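Protein sequences, first through last, are from chains A and B.
Just so we're aligned, residue 28 is where the first sequence starts under the numbering used here, counting upward by one.
Just so we're aligned, residue 31 is where the second sequence starts under the numbering used here, counting upward by one.
Notes for the one structure printed next.
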Amino acid sequence: MPDTKEEQLFKERFRKKKRRERFEKTGYFILSFLILAFVWELARATNLINPKLFPSIKAVLNAFTVSFKSGSLQLHMYASFLRVLTGFAIGITLAVIFGFLIGWFRILRLFLDPVINFFRALPPIALIPLMIIFFGIGETSKVIVLSYAAFFPALVVIYQALVSLDPIYIRAGKTLGATSLETFRRIILPQLVPHIITACRVSLGVCWATLVAAELIAAQRGIGAMMVDAQNFFQMAPLVLGILLIGAISLLMDSMVRAIEKRATSWQEKMT
Amino acid sequence: MALSKVDGSKVRKGIVASGVGMTYSGITGNVEALRGINLKIEPGEFISLVGPSGCGKTTLLNIMAGFLFPTEGEVTIDGQKILGPGPDRGVVFQQYAVFPWLTVRENVEFGLKLRINKRSEKEIKEVVEYFIALVGLKDFEDVYPKELSGGMKQRVAIARAYAVNPELLLMDEPFGALDAQTRQFMQESLVQILEQERKTVVFVTHGVEEATFLSTRVVVMATRPGRIREIIPVQIPYPRDAGIKTTSEFIKIRVEIEKIVREEFQKQRDR
Numbered sequence: 028m029p030d031t032k033e034e035q036l037f038k039e040r041f042r043k044k045k046r047r048e049r050f051e052k053t054g055y056f057i058l059s060f061l062i063l064a065f066v067w068e069l070a071r072a073t074n075l076i077n078p079k080l081f082p083s084i085k086a087v088l089n090a091f092t093v094s095f096k097s098g099s100l101q102l103h104m105y106a107s108f109l110r111v112l113t114g115f116a117i118g119i120t121l122a123v124i125f126g127f128l129i130g131w132f133r134i135l136r137l138f139l140d141p142v143i144n145f146f147r148a149l150p151p152i153a154l155i156p157l158m159i160i161f162f163g164i165g166e167t168s169k170v171i172v173l174s175y176a177a178f179f180p181a182l183v184v185i186y187q188a189l190v191s192l193d194p195i196y197i198r199a200g201k202t203l204g205a206t207s208l209e210t211f212r213r214i215i216l217p218q219l220v221p222h223i224i225t226a227c228r229v230s231l232g233v234c235w236a237t238l239v240a241a242e243l244i245a246a247q248r249g250i251g252a253m254m255v256d257a258q259n260f261f262q263m264a265p266l267v268l269g270i271l272l273i274g275a276i277s278l279l280m281d282s283m284v285r286a287i288e289k290r291a292t293s294w295q296e297k298m299t
Numbered sequence: 031m032a033l034s035k036v037d038g039s040k041v042r043k044g045i046v047a048s049g050v051g052m053t054y055s056g057i058t059g060n061v062e063a064l065r066g067i068n069l070k071i072e073p074g075e076f077i078s079l080v081g082p083s084g085c086g087k088t089t090l091l092n093i094m095a096g097f098l099f100p101t102e103g104e105v106t107i108d109g110q111k112i113l114g115p116g117p118d119r120g121v122v123f124q125q126y127a128v129f130p131w132l133t134v135r136e137n138v139e140f141g142l143k144l145r146i147n148k149r150s151e152k153e154i155k156e157v158v159e160y161f162i163a164l165v166g167l168k169d170f171e172d173v174y175p176k177e178l179s180g181g182m183k184q185r186v187a188i189a190r191a192y193a194v195n196p197e198l199l200l201m202d203e204p205f206g207a208l209d210a211q212t213r214q215f216m217q218e219s220l221v222q223i224l225e226q227e228r229k230t231v232v233f234v235t236h237g238v239e240e241a242t243f244l245s246t247r248v249v250v251m252a253t254r255p256g257r258i259r260e261i262i263p264v265q266i267p268y269p270r271d272a273g274i275k276t277t278s279e280f281i282k283i284r285v286e287i288e289k290i291v292r293e294e295f296q297k298q299r300d301r
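As structure tokens, then:
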């Protein structure tokens, strides 16, 4: 059925509104960071913070260009990303597998719930000293800590989601003739997708925070290691550059996962 | 176009409950939900189950659906004992149970894409389009359920149940969550849908008027234990529309049923 004139007009107006909203959002985003930059420079200019201890924006940008041109920045970032992605991938995969097992078998859940809560409450960095003794300061200990960091929050999100599924959809599927496998693939899995994405988002955040801490403690490469080097030589610009990069990358990763989330969960009713 | 052809290879004997009893055993003791239910439903009949809360009407429906197993007696469909849910018995739930992650079209398609009812793509498309049109949801095929009203969601559920061509439709207070106007409209729609695609229906409701309007026979149930108190035939010819609700014939039957339901309700309260 072709749209009537009113509908076309309505849709056009809707599109315009959306465009304006997006434009506004980007505007505020840029503006808020401009204000932050302004406050930064103002604090230095007025001696509110010691200019010797805190670099100018220009110096930080300069540090960025220098380390980028020399290739050392890329090397550090590559090392950090590799660790996070490896740890995250291992942790999430295990969390999905164990999440399903624990969500499915009530006995397992009752048995494991207290243990899981204990380990979930334990900050991953608390494991670093132990892991260093076990596996040395190499990649293995870091990847294990990161997998651990990714595993527990994701595990809890996934099995809680599985437990709280509405059984009515499974019933409905059965009355249409769905086998157990079809029920799993066509009814349980689609409902879990949004939760798995949420689990990824939480895990990625925790992983990233843990990574930086791990690198600060023991690493040759990585953004954390870059910052420790800068600290040892009292180079304030690379140090602040490290802080800004960590924040920026974290923000970027989160918005990437959110974009995926938006596509995958368009069917859900949103509380807006 | 009638898609529900009668399968000649199978003798249709309807649904038969013989000596069905259901006792739930719990920590606080046993609760007898149903006792000695004998009911024979002929193919093409529309049976309503009415009665006060706790009379076991939903339990009986769930046994027919295969979600529950009776502790005594058995229910057969076309002579076959019911051992679990299956596509020969479509269920329409009060909470709609339309899959929210699928569009209207995908919901109606769902059953046809399962291995047990596998059809060709062309056939699926035909069947889906036919039933979406039958329930009046043309132009809403690609919409997600969150954008539909309660009445529309229930239409999707009805189309989805119809698509796999069940013998029997089991409806558990399907219009219970709808407002009065929508409810009335859905009742008339259901009559029209059944005119075009005849099915045997078992319909659980609290509404005596609704039961009278839709049914060929109304089964009034009594509580504790849940049993059949009386079966009242409604000999008003189909197709029925809202107009019949004011005829003296209709009112007479409705009042008769209401009287029995009220008696049962009273008995339950006095205990």
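C-beta: ideal position from N, C-alpha, C; glycine also.
In this text the structure is predicted, and so the values were computed from the model without any measurement.
For this session: Count the CB pairs spanning the segment 76 to 87 of chain B and the segment 281 to 298 of chain B that are closer than 8 angstroms, and state whether there are at least three.
Result: Because the criterion of three Cβ pairs below 8 angstroms is met, the segment 76 to 87 of chain B and the segment 281 to 298 of chain B touch.
Exercise. At which residues does the beta strand (DSSP E) containing ASN60 (chain B) begin and terminate?
Worked result: In the second sequence, counting from the first residue as 1, residue 60 (chain B) sits at position 30. Taken as a continuous stretch (DSSP letters only), the beta strand (DSSP E) holding ASN60 (chain B) covers 59 to 71.
Exercise. Leaving out the 5 sequence neighbours to the left and right, which residues in its chain are closer than 7 angstroms to SER48 (chain B) when beta-carbon positions are compared?
Worked result: Here residue 48 (chain B) refers to the residue found at position 18 of the second sequence. If the five residues before and after SER48 (chain B) are omitted, its C-beta is found closer than 7 angstroms to the C-beta atoms of ASN68, GLY103 and GLU104, all from its own chain and listed in chain order.
Exercise. Looking only at its own chain, which residues have a Cβ that is under 7 angstroms from the Cβ of PRO41 (chain A), when we skip the five neighbours before and after it?
Worked result: In the first sequence, the residue the question calls residue 41 (chain A) occupies position 14. The displayed chain sequence assigns Phe, not Pro, to residue 41 (chain A). Excluding residues within five positions, none has a Cβ falling inside 7 angstroms.
For this session: Note down the Cα distance separating VAL250 (chain B) from ILE71 (chain B), rounded to an integer number of angstroms.
Result: Taking the first residue of the second sequence as position 1, residue 250 (chain B) is located at position 220. Taking the first residue of the second sequence as position 1, residue 71 (chain B) is located at position 41. Answer to the nearest angstrom: the Cα atoms are 15 angstroms apart.
Problem set entry | Assigned secondary structure, GLY56 (chain B) (DSSP; H/G/I helix, E/B strand, else coil) | Within the second sequence, residue 56 (chain B) is the residue found at index 26, counting from 1. The answer is strand: DSSP assigns GLY56 (chain B) an E or B state.
Exercise. What is the DSSP secondary structure of ARG259 (chain B), reduced to helix, strand or coil?
Worked result: In the second sequence, counting from the first residue as 1, residue 259 (chain B) sits at position 229. Three-state result, ARG259 (chain B): strand.
For this session: Determine contact between the segment 218 to 233 of chain B and the segment 261 to 271 of chain B, defined as no fewer than three beta-carbon pairs at a distance below 8 angstroms.
Result: The segment 218 to 233 of chain B vs the segment 261 to 271 of chain B: in contact.
Exercise. Interface residues of chain A around PRO115 (chain B) at Cβ under 8 angstroms?
Worked result: The sequence position of residue 115 (chain B) within the second sequence is 85, counting from 1. Counting only Cβ-Cβ distances below 8 angstroms, PRO115 (chain B) has contacts in chain A at ARG198, LYS201 and THR202, in chain order.
Exercise. If we ignore side chains and look at the alpha-carbon of each, how far apart do ALA70 (chain A) and ASN77 (chain A) end up?
Worked result: As a working note, residue 70 (chain A) is residue 43 in the first sequence. As a working note, residue 77 (chain A) is residue 50 in the first sequence. As the crow flies, the alpha-carbon of ALA70 (chain A) is around 9 angstroms from that of ASN77 (chain A).
Problem set entry | Selection of the segment 172 to 187 of chain B by Cβ proximity to chain A, strictly under 9 angstroms | Taken in chain order, the members of the segment 172 to 187 of chain B whose beta-carbon sits within less than 9 angstroms of a beta-carbon on chain A are TYR174, PRO175, LYS176 and ALA187.
For this session: Sort A:PRO180, A:GLU209, A:LEU203 and A:ALA241 by Cα distance to VAL122 (chain B) and report the nearest one.
Result: If you number the second sequence from 1, residue 122 (chain B) lands on position 92. Per the C-alpha coordinates, the member of A:PRO180, A:GLU209, A:LEU203 and A:ALA241 positioned closest to VAL122 (chain B) is A:LEU203.
Exercise. For ARG119 (chain B), which residues in chain A fall below 9 angstroms Cβ to Cβ?
Worked result: Position 89 of the second sequence, counted from the start, is the residue given in the question as residue 119 (chain B). The contacting residues are THR202.
Exercise. At a Cβ cut of 8 angstroms, what residues of the segment 205 to 219 of chain A count as close to chain B, listed as they run along the chain?
Worked result: Under the 8 angstroms Cβ criterion, the segment 205 to 219 of chain A contributes ALA205, THR206, GLU209, ARG213, ILE214, PRO217 and GLN218.
Exercise. What do you reckon, are the CB atoms on PHE215 (chain B) and GLY237 (chain B) nearer than 8 angstroms?
Worked result: Within the second sequence, residue 215 (chain B) is the residue found at index 185, counting from 1. Within the second sequence, residue 237 (chain B) is the residue found at index 207, counting from 1. No; because the gap between Cβ atoms is not below 8 angstroms, this pair is not in contact.
For this session: Could you tell me whether the segment 83 to 94 of chain A touches the segment 263 to 276 of chain A, using the rule of 3 or more Cβ pairs below 8 angstroms?
Result: The answer is yes - the segment 263 to 276 of chain A touches the segment 83 to 94 of chain A, with three or more Cβ pairs under 8 angstroms.
Exercise. Would the C-beta of LEU220 (chain B) count as close to the ligand FMN, meaning under 7 angstroms from any of its heavy atoms?
Worked result: This structure simply doesn't include the ligand FMN, nor any ligand for that matter.
Exercise. Of the residues B:GLY59, B:ARG65, B:LEU208 and B:ARG119, which one's Cα is nearest the Cα of GLN184 (chain B)?
Worked result: Residue mapping note: residue 184 (chain B) aligns to position 154 of the second sequence, counting from 1. Taking only the C-alpha atoms, the option nearest GLN184 (chain B) is B:LEU208.
Problem set entry | Sheet register partners of SER78 (chain B) (DSSP bridge) | The residue given as residue 78 (chain B) occupies position 48 in the second sequence. The secondary-structure analysis by DSSP pairs SER78 (chain B) across a beta bridge with B:PHE233 and B:VAL248.
For this session: Have a look at the DSSP bridge pairing and note the partners of THR106 (chain B).
Result: Taking the second sequence and counting its residues from 1, the one referred to as residue 106 (chain B) is at position 76. Under DSSP, THR106 (chain B) takes part in a beta bridge, and its partners are B:VAL46 and B:LYS111.
For this session: Using only alpha-carbon positions, find the residue among A:GLN187, A:LYS85 and A:ALA241 that is nearest to PRO221 (chain A).
Result: Taking the first sequence and counting its residues from 1, one reaches residue 221 (chain A) at position 194. Between PRO221 (chain A) and the set A:GLN187, A:LYS85 and A:ALA241, the nearest pair of CA atoms involves A:GLN187.
For this session: Have a look at MET28 (chain A) and THR277 (chain B) and give me their C-alpha separation to the nearest angstrom.
Result: Along the first sequence, one-based indexing puts residue 28 (chain A) at 1. Along the second sequence, one-based indexing puts residue 277 (chain B) at 247. Note that MET28 (chain A) scores a pLDDT of 44, beneath 50, so its modelled location is shaky and nothing firm can be said.
Exercise. Since LEU142 (chain B) and ARG135 (chain B) are thought to touch, with beta carbons under 8 angstroms apart, how far apart are those beta carbons, to the nearest angstrom?
Worked result: Position 112 of the second sequence holds residue 142 (chain B). Position 105 of the second sequence holds residue 135 (chain B). Going by Cβ atoms, the distance from LEU142 (chain B) to ARG135 (chain B) rounds to 11 angstroms, so no, they are not a contact pair.
Exercise. How long is the line joining the alpha carbons of VAL284 (chain A) and ILE160 (chain A), rounded to whole angstroms?
Worked result: Counted from its first residue, the first sequence places residue 284 (chain A) at position 257. Counted from its first residue, the first sequence places residue 160 (chain A) at position 133. Between VAL284 (chain A) and ILE160 (chain A), the C-alpha separation is close to 35 angstroms.
Problem set entry | Against chain A: residues of the segment 144 to 159 of chain B by CB proximity under 8 angstroms | For the segment 144 to 159 of chain B, the beta-carbon criterion of a distance under 8 angstroms to any beta-carbon of chain A is satisfied by LEU144, ARG145, ILE146 and ASN147.
Problem set entry | In DSSP terms, what GLY120 (chain B) is bridged to | Translated into the one-based positions of the second sequence, residue 120 (chain B) becomes position 90. DSSP output for GLY120 (chain B) lists B:LEU199 as bridge partner(s).
For this session: Mind the definition here: the segment 108 to 121 of chain A touches the segment 172 to 185 of chain A only if three or more C-beta pairs lie below 8 angstroms; say whether that holds.
Result: Verdict: yes, contact present.
Exercise. To the nearest angstrom, how far is it from the Cα of ILE154 (chain B) to the Cα of GLU139 (chain B)?
Worked result: The count along the second sequence starts at 1 and reaches residue 154 (chain B) at position 124. The count along the second sequence starts at 1 and reaches residue 139 (chain B) at position 109. Each residue's alpha carbon lies about 7 angstroms from the other.
Exercise. Going by DSSP, what residues sit across from GLY51 (chain B) in a beta bridge?
Worked result: Taking the first residue of the second sequence as 1, we reach residue 51 (chain B) at position 21. BP columns for GLY51 (chain B) point to B:GLU102.
Exercise. Among A:ALA241, A:HIS103, A:LEU173 and A:PRO217, which one has its Cα closest to the Cα of TRP131 (chain B)?
Worked result: Taking the second sequence and counting its residues from 1, one reaches residue 131 (chain B) at position 101. Checking every option, the nearest Cα to that of TRP131 (chain B) belongs to A:PRO217.
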